[in-house]
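Asks: Here you go, one structure.
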DNA sequence: CCGTGACGATAACATATGTTACTAAATCAG
DNA sequence: CTGATTTAGTAACATATGTTATCGTCACGG
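As structure tokens, then:
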């Protein structure tokens with residue numbers, strides 16, 4: 029779906045730096061669409077500054093799938109690799125600075141990378157990490173109530189809650205923004221006995 | 029999480045057949061636990077006949093994650109590979125015939141397999157297919173109502189609905205069995221105008 | 001053949017969540 | 001700076017879903 033590995037695999041930074049001259053730098057305001065649902069992803073996106081979300085439309089309602097922050101890279105995986113219509117939109121949440129690297133250059137980079145002795149380990153590591161992330165997300169949807177999912181987010185990834193507007197958080201948790209307000213209210217009441 | 033690839037990668041059958049002598053055949057009744065949540069998975073499981081489900085316990089309630097049928101193999105992936113406690117239980121739904129292949133032999137098999145020229149393609153293919161499956165499942169949970177998920181199951185994997193008891197289906201869809209009854213009832217009423 | 005238990009349907013009620021509308025505060029654009 | 005837009009909170013009501021209890025059917029073992 030989406031992959032981002034710069035922060036997990038710093039040994040790759042040398043490659044990114046080598047390809048910097050081929051990247052297109054963009055300063056964009058909030059709510060800028062970087063890739064539209066239904067279009068073919070042409071660029072791998074690296075975030076230098078700011079914050080981005082991936083979402084798709086269901087009967088006119090946004091469904092947020094994931095958030096991305098500085099020093100991470102992403103693409104609509106299947107769309108980018110196989111030149112298929114992307115199943116979701118990628119849009120900035122804050123004013124951001126991003127670098128775009130075209131498919132051609134990414135393929136070149138991959139080709140170089142494949143000569144790296146630890147290529148298999150890197151690919152397997154990336155794959156396993158990505159798999160674990162999606163899997164944990166799925167299990168959380170199956171197992172947890174929205175309130176539990178919110179608490180988990182607060183504990184495990186508090187920067188997201190601090191930084192992202194609440195209606196996006198609600199959309200990510202799978203509830204309406206009204207209901208997220210209720211959840212927060214209920215949790216606050218639970219704490220006020222102290 | 030769980031992987032099963034025999035049906036998708038028939039070119040691997042020669043390997044399974046070679047290791048048949050090392051497999052332990054078991055005929056077991058329905059509701060037999062093959063691997064218990066919290067224990068370390070010691071065997072890769074191949075289903076010759078019957079039907080199996082993976083589930084975990086949440087506050088005393090079953091949460092079914094996946095179903096498996098004849099000619100597919102499975103394991104609790106992370107548990108089997110990294111010798112960790114399995115996050116879920118694997119249990120037969122019907123009287124079944126299964127073959128168990130121990131970790132030692134699976135590792136031997138993998139070692140042989142890695143000399144196969146198309147090893148990378150096979151691994152990537154397996155990984156990509158597995159990733160797509162989990163991803164589709166996650167998207168369905170985010171996007172669809174339980175009723176839509178049930179319709180999707182009816183259309184895309186009708187054999188599951190035909191073969192598996194309804195409370196397991198309900199658990200898999202993420203609703204109570206009472207509510208699944210309501211959904212079926214509502215759908216039946218929608219159709220009775222014809 | 002009978003009793004027992006598993007299964008699915010249904011009803012009644014409880015709780016969770018969505019929807020709409022309104023308000024106040026914060027943020028943005030000119 | 002100021003009006004317009006965005007955002008978060010709240011209330012009231014509607015719908016979805018869970019829980020418990022009951023019932024009829026069916027399969028199975030004694």
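Chains as they are written, first to last, in my numbering: chain A, 29 to 222; chain B, 29 to 222. We put the beta carbon where it would ideally sit given N, CA and C, even for glycine. Because the structure is a prediction, the values reported are computed rather than measured.
Kindly indicate if chain A contains any beta-carbon less than 8 Å away from that of residue 165/B.
Replies: Residue 165/B sits at position 137 when you count from the first residue of the second chain. Chain A contact via Cβ: present.
Asks: Can you list, in chain order, the residues of its chain with a C-beta nearer than 6 Å to that of residue 195/A? Leave out the 5 residues immediately preceding and following it.
Replies: Mapped onto the first chain, residue 195/A falls at position 167. The residues are 205.
Asks: Anyone know if the C-beta pair for residue 69/A and residue 104/A falls short of 8 Å?
Replies: On the first chain, residue 69/A is found 41 positions in, with the first residue counted as 1. On the first chain, residue 104/A is found 76 positions in, with the first residue counted as 1. Yes, they are a contact pair.
Asks: Which value, in whole angstroms, describes the spacing of the CA atoms of residue 67/A and residue 79/A?
Replies: In the first chain, counting from the first residue as 1, residue 67/A sits at position 39. In the first chain, counting from the first residue as 1, residue 79/A sits at position 51. Their backbone Cα atoms lie some 21 Å apart in a straight line.
Asks: Hey, which unbroken runs of the beta strand (DSSP E) at 3 residues or more fall wholly within the segment 103-175 of chain B?
Replies: The qualifying runs are 117-120 and 124-130.
Asks: Per DSSP, what kind of secondary structure is residue 216/A in: helix, strand or coil?
Replies: Looking up residue 216/A in the first chain gives position 188. Correct three-state label for residue 216/A: helix.
Asks: Out of curiosity, what's the CA-to-CA distance linking residue 75/A and residue 43/A?
Replies: Position 47 of the first chain, counted from the first residue, corresponds to residue 75/A. Position 15 of the first chain, counted from the first residue, corresponds to residue 43/A. If I take the Cα positions, the gap works out to 16 Å.
Asks: Can you give me the Cβ contacts of residue 46/B inside the same chain, cut-off strictly under 6 Å, excluding the 5 residues immediately before and after it?
Replies: Translated into the one-based positions of the second chain, residue 46/B becomes position 18. The answer is none, since no qualifying residue turns up.
Asks: Any idea what DSSP makes of residue 180/B, helix, strand or coil?
Replies: Here residue 180/B refers to the residue found at position 152 of the second chain. In the structure shown, residue 180/B sits in a helix (DSSP, three-state: H, G or I).
Asks: Under a CB-based cut-off of 8 Å, is residue 80/B close to chain A?
Replies: Along the second chain, one-based indexing puts residue 80/B at 52. No - not a single Cβ of chain A is within 8 Å of the one on residue 80/B.
Asks: Report all residues from its chain with a CB closer than 6 Å to the CB of residue 148/B; omit the five preceding and five following residues, and keep chain order.
Replies: Sequence index remark: in the second chain, residue 148/B carries index 120 (1-based). Contacts found: none.
Asks: What does the alpha-carbon distance come out to for the pair residue 216/B and residue 122/B?
Replies: Within the second chain, the letter at position 188 stands for residue 216/B. Within the second chain, the letter at position 94 stands for residue 122/B. One C-alpha to the other measures close to 28 Å.
Asks: In the DSSP assignment, the alpha helix (DSSP H) including residue 46/B goes from what residue to what residue?
Replies: Mapped onto the second chain, residue 46/B falls at position 18. Run containing residue 46/B: 41-47, per the alpha helix (DSSP H) assignment.
Asks: Span of the beta strand (DSSP E) holding residue 203/A?
Replies: In the first chain, the residue the question calls residue 203/A occupies position 175. No beta strand (DSSP E) holds residue 203/A; DSSP gives it neither H nor E.
Asks: Tell me where the beta strand (DSSP E) around residue 189/B begins and ends.
Replies: By one-based count along the second chain, residue 189/B stands at place 161. First-last for residue 189/B: 186-191, but that is the alpha helix (DSSP H), not the beta strand (DSSP E).
Asks: Which whole-angstrom value describes the C-beta separation of residue 117/A and residue 64/A, a residue pair presumed to lie in contact below a C-beta threshold of 8 Å?
Replies: The residue you call residue 117/A lines up with position 89 of the first chain. The residue you call residue 64/A lines up with position 36 of the first chain. Contact holds; Cβ gap of about 6 Å.
Asks: What are the residues of the segment 169-192 of chain B that lie near chain A, defined by any Cβ-Cβ distance shorter than 7 Å?
Replies: Cβ contacts with chain A come from 169, 170 and 171.
Asks: I want to see whether chain A comes within less than 8 Å of residue 47/B, judged by CB atoms only; does it?
Replies: Here residue 47/B corresponds to residue number 19 of the second chain, with the count starting at 1. No, no contact with chain A.
Asks: Out of 152/B, 99/B, 111/B and 162/B, which one is the CA nearest neighbour of residue 41/B?
Replies: Sequence index remark: in the second chain, residue 41/B carries index 13 (1-based). Among 152/B, 99/B, 111/B and 162/B, the Cα nearest to that of residue 41/B belongs to 99/B.
Asks: Please identify, using Cβ separations under 8 Å, the residues of the segment 67-100 of chain B that lie next to chain A, in order along the chain.
Replies: Listed by position, the residues of the segment 67-100 of chain B near chain A (Cβ gap below 8 Å) are 84, 86, 91 and 93.
Asks: At the 8 Å Cβ level, is residue 117/B part of the contact set with chain A, yes or no?
Replies: The count along the second chain starts at 1 and reaches residue 117/B at position 89. Not an interface residue.
Asks: Measure from the alpha carbon of residue 128/B to the alpha carbon of each residue in 210/B, 56/B and 202/B, then state which is nearest.
Replies: On the second chain, position 100 is the one that residue 128/B refers to. Nearest of 210/B, 56/B and 202/B to residue 128/B, Cα basis: 56/B.
Asks: Would you mind giving the Cβ-Cβ distance between residue 173/B and residue 119/B, rounded to the nearest angstrom? I have them listed as a contact below 8 Å.
Replies: Position 145 of the second chain, counted from the first residue, corresponds to residue 173/B. Position 91 of the second chain, counted from the first residue, corresponds to residue 119/B. Wrong, their Cβ atoms sit about 28 Å apart, outside the cutoff.
Asks: In or out: residue 213/B buried (at least 16 other Cβ within 10 Å) or exposed?
Replies: What you label residue 213/B is simply residue 185 of the second chain in a count that begins at 1. Its Cβ having fewer than 16 others within 10 Å, residue 213/B is exposed.
Asks: Could you tell me which whole beta strand (DSSP E) segments of length 3 or greater appear in the segment 73-100 of chain B?
Replies: Entirely contained in the segment 73-100 of chain B, the beta strand (DSSP E) runs reaching 3 residues are, in chain order, 79-86 and 89-97.
Asks: On a CA-only basis, which of 203/B, 193/B and 158/B is nearest residue 177/B? Give me that one, please.
Replies: Stepping through the second chain from its first residue, residue 177/B is reached at position 149. Taking only the C-alpha atoms, the option nearest residue 177/B is 203/B.
Asks: Please report the residue range of the beta strand (DSSP E) in which residue 55/B lies.
Replies: Locating residue 55/B in the second chain gives position 27, counting from the first residue. Counting along the chain, the beta strand (DSSP E) containing residue 55/B begins and ends at 52-56.
Asks: When we look at the beta-carbon of residue 198/B and count the other beta-carbons within 10 Å, is it buried (16 or more) or exposed?
Replies: Mapped onto the second chain, residue 198/B falls at position 170. It counts as buried.
Asks: Whose Cβ in chain B lies nearer than 9 Å to the Cβ of residue 159/A?
Replies: Here residue 159/A refers to the residue found at position 131 when the first chain is read from its first residue. The contacting residues are 29, 105, 155, 158, 159 and 162.
Asks: Is residue 149/A near the ligand NAD, with its Cβ less than 7 Å from a heavy atom?
Replies: As presented, the structure is devoid of all ligands, the ligand NAD included, so that no description of it is given.
Asks: Measure from the C-beta of residue 202/A to each C-beta in chain B and report whether the shortest distance is under 8 Å.
Replies: As a working note, residue 202/A is residue 174 in the first chain. Yes - at least one Cβ of chain B is within 8 Å of the one on residue 202/A.
Asks: Would you say residue 169/B and residue 166/A are within 8 Å of each other, going by their C-beta atoms?
Replies: The residue labelled residue 169/B in the question sits at position 141 within the second chain. The residue labelled residue 166/A in the question sits at position 138 within the first chain. Their beta carbons are under 8 Å apart, which means residue 169/B touches residue 166/A by this criterion.
Asks: Is the Cβ-Cβ distance between residue 182/A and residue 192/A less than 8 Å?
Replies: Here residue 182/A corresponds to residue number 154 of the first chain, with the count starting at 1. Here residue 192/A corresponds to residue number 164 of the first chain, with the count starting at 1. Cβ distance not < 8 Å, so residue 182/A and residue 192/A don't count as in contact.
Asks: Suppose contacts are defined by Cβ-Cβ distances below 8 Å. Is residue 91/A in contact with residue 83/A by that definition?
Replies: The residue labelled residue 91/A in the question sits at position 63 within the first chain. The residue labelled residue 83/A in the question sits at position 55 within the first chain. Yes, Cβ-Cβ distance for residue 91/A and residue 83/A is below 8 Å.
Asks: Going by C-alpha distance, which of 51/B, 81/B and 86/B is nearest residue 72/B?
Replies: What you label residue 72/B is simply residue 44 of the second chain in a count that begins at 1. Cα-wise, what sits closest to residue 72/B is 51/B.
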